[in-house]
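What follows is a short report on a single structure.
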Amino acid sequence: MKHLLSCSLLILTVAFFTSCEEQRAHTAPGIYPRDSVAMMISYGVNTLISDSGVIKYRVVTERWEVNRNRRPPRWIFDKGLFLEQFDEKFHVQSYIQCDTAYYYEEQKLWELHSRVRILTKDGLRFTSERLFWDENQHELYSNVFSRLVTPDRQLQGTYFRSDERMTRYFVSNSKGSFARSDFENSGDTLQSAPDSTKSILRMRTSPQRKSISSPLTH
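Residues in the sequence shown are numbered from 1 upward in steps of one, following full-length UniProt numbering.
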């Protein structure tokens, strides 16, 4: 908001001084395509977000663009995005980090690219080069190589899918170290689906319009 106010004041100042000069005809080329016009661009964002009067989250990004002229409309973080969640004592509980991120407002879909890093409250660490977060379906998924490290196991594979809290997850074409309970009917969250199910679990690699919740700072 401060950035927008500064820009508005600058425009008003320029308009005032130029109106006092001799009037001249000026022409400028049109801006094409319309997609290039953003509704808002903010730089150097580093803000804290509170919930019920308690600071819970931090959002850090070098550049945040809101563009509703593109189809589909989206937020663009092309200079990196870092999100942190704190406990009541302001200790970091979890974070999400990536080099590039897009948020498609209509689909409520996040798309993270390049050096995606996640740390959850339970100590699970996730790394990949691409990750989608579907707020409507409350799930995360990736169709590229991904790696998970928990306090007692490591797992990696080319297909990943989980609930948005990353407490129940599925990895196919996987390899890594496993706990004995992974091979027993113990109700553990790390269990491979049968082949008949794998054929159903296919990725959406691009946003789609759906009528089917929270941003990355759940």
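Idealized CB from N, CA, C, for every residue including glycine. Nothing here was measured: the structure is a model prediction, and the numbers come from that model.
Could you check which residue in the options has the C-alpha nearest to that of residue i?
| i | options | result |
| --- | --- | --- |
| residue 104 | 58, 53, 152 and 73 | 73 |
| residue 115 | 149, 99 and 108 | 99 |
| residue 78 | 159, 102 and 84 | 102 |
| residue 219 | 52, 84, 39 and 123 | Look at the range of the chain in this structure, 1 to 218, and you will see that residue 219 is not part of it. |
| residue 51 | 148, 80, 106 and 88 | 88 |
| residue 65 | 44, 166 and 109 | 44 |
| residue 76 | 110, 53 and 153 | 110 |
Residues bridged to residue i by DSSP?
| i | result |
| --- | --- |
| residue 97 | 82 and 117 |
| residue 220 | This structure leaves residue 220 out entirely; the chain is present only between 1 and 218. |
| residue 48 | 58 |
| residue 127 | 117 and 147 |
| residue 162 | 140 and 169 |
For residue i, which residues in the same chain have their Cβ closer than 8 Å to its Cβ, ignoring the five residues on either side in sequence?
| i | result |
| --- | --- |
| residue 162 | 139, 140, 141, 168, 169 and 170 |
| residue 56 | 49, 50, 85, 86 and 217 |
| residue 195 | Here residue 195 scores only 36 on pLDDT, less than 50, and its place in the model should not be relied on; the value that follows carries that caveat. Hits under 8 Å: none found. |
| residue 123 | 150 and 151 |
| residue 54 | 88 |
Please return the same chain residues whose Cβ sits closer than 6 Å to the Cβ of residue i, not counting the five positions on each side in sequence.
| i | result |
| --- | --- |
| residue 60 | 46 and 82 |
| residue 146 | 128 and 160 |
| residue 90 | none |
| residue 230 | Summary: the structure shown does not reach residue 230, with the chain confined to residues 1 through 218, and so no result is reported for it. |
| residue 121 | 93 and 94 |
| residue 166 | 120 and 124 |
Taking 7 Å as the limit between beta carbons, can you name the residues of its chain near residue i, skipping five residues before and five after?
| i | result |
| --- | --- |
| residue 131 | 112, 116, 140 and 142 |
| residue 119 | 94, 95 and 125 |
| residue 174 | 155, 156 and 157 |
| residue 92 | 84 and 86 |
| residue 68 | 39 |
| residue 164 | 133, 138, 139, 140 and 218 |
| residue 62 | 43, 44, 79 and 80 |
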